[in-house]
Every structure is written in structure tokens, then in C-alpha cells.
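Trainee: In the working numbering, the protein residues as written are 509 to 672.
Ideal Cβ placement from N, Cα and C applies to all residues, glycine included.
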Amino acid sequence: MARAHTFYDSFATVMGAQILISFINFLLTMLFLFWNDYPFAMVLSGMTFVFGLMPIVGNLVSNTLILSVGLTISPQTALWALLFLVAIHKLEFFLNSKIIGHRIKNPMWLTLLGLILGEKLMGILGMILAPVVLHYIKVEASRGTLADEPGLDGEQEVLPSPPG
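1) I'd like the list of long-range same chain contacts for ALA688, defined as Cβ closer than 6 Å, with 5 residues on each side in sequence excluded.
2) In the structure shown, what three-state DSSP assignment does ARG611 receive?
3) DSSP three-state call for SER605: helix, strand or coil?
4) Are PRO615 and GLY609 close, meaning C-beta to C-beta below 8 Å?
5) For ILE527 versus GLU600, is the C-beta distance shorter than 8 Å?
6) Along the chain, where does the alpha helix (DSSP H) that runs through ILE532 open and close?
7) Can you grab the Cα-Cα spacing for the pair ALA586 / LEU637, in whole Å?
8) Expressed to the nearest angstrom, what Euclidean distance is found between the alpha-carbon atoms of SER576 and ALA520?
9) Is PRO639 buried or exposed, if buried means 16 or more other CB atoms sit within 10 Å of its CB?
10) Short check: CB of ILE574 to CB of LEU593, under 8 Å?
11) So TYR546 is in the alpha helix (DSSP H); what residue range does that whole segment cover?
12) Between SER553, ALA525 and VAL522, which has its C-alpha nearest LEU535's C-alpha?
13) MET562 by DSSP, collapsed to three states: which one?
14) Tell me whether GLY566 is buried or exposed, calling it buried when 16 or more other Cβ atoms sit within 10 Å of its Cβ.
15) Considering only the beta carbon of each residue, do ASN533 and ILE596 sit closer than 8 Å?
16) Once DSSP output is grouped into helix, strand and coil, what is the label at SER576?
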């Protein structure tokens, strides 16, 4: 039960960071949409925040909506939207590493490495789970040391002290 609770706490920690990342994405997207006179810019921005709470999949849904509305304005607007969304996605990769890494107290490079390995090994699900698993492993590994483990008979081993 303790390990399940630790995994749940790791997940909650990462999701708290995901809210902040989604808010930053919302602000940048809102600026882009208003700057380019998108119709329903506030609705699209709000949807970006809500969908952004679901890592990866949420971005795909909101990006599809923004591109679709951009196509109703003009192909050039849709192209600018595509370039913006690709740039934001790449920025989010590093933002995820920085914000989530800070929350789970891992260096940015380790979190970024975890995201990349998670994506390569398990695809989208691997990217979503990578920071959670990193945090879980770190917490579990820091719980105790071998010196804290009892001997085979349930009692602490007593090592003889060195002479002198």
C-alpha cells in the first residue's frame, strides 16, 4: 500500500506541474489568436487550457481546432498557426523538463532524457508516465539503505568493532 501511495503522490505532483504548463500554453496561444484576429479566440484559448491538462493528446486536439479555424480565415493564417504551434510544442518540451523537473527535484537534463526515452520506448503513454516513474523511483530509492535492512532472523546484525 505504501508503494501505491508513493506512486499516486508522484502522479499528483506531476499533474500539478501540468496545470502550470497548460496555463503558460494558454497564455501564449491566446496572444497568438488575438494578434491574428481569430474568431472565437477566447473560446479556443480556453479549450487550449482544458485540453492541455491531458499531456500530448490534449495538444493534438487543441492544435487541430486552431488549424481548422485558421483554414477558415486563409491558408496563410493556417500556415502561421502551424509554425506557431510547432514552435510552442518544442518550447513545451523544454518547459516540461524545467517545470516538472523542478517539482520532482530532478535536473532538467534528467527529466528531458526521461521524456525522450519514454517516448521512444512506449510512445505517448511513455512520455506521460516518464516523469511520474522518475519521481517514483527517486522516492523509493531514497527510502532506506542496506544498512537499515534487518538480518535474516529479523534482528539487526551486529558487526564486531575493530580492535584498538
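Mentor: Reading it off the structure:
1) In the structure as shown, the chain starts at 509 and stops at 672, and residue 688 therefore has no counterpart that could be examined.
2) helix
3) helix
4) yes
5) Contact: no.
6) 510 to 543
7) 32 Å
8) Each residue's CA atom was taken as its position, placing SER576 and ALA520 some 33 Å apart.
9) buried
10) Cβ distance < 8 Å, so ILE574 and LEU593 count as in contact.
11) TYR546 -> no alpha helix (DSSP H), and no H or E assigned at all.
12) SER553
13) coil
14) A residue is called buried once 16 or more other Cβ atoms fall within 10 Å of its Cβ, and GLY566 is buried on that count.
15) yes
16) helix
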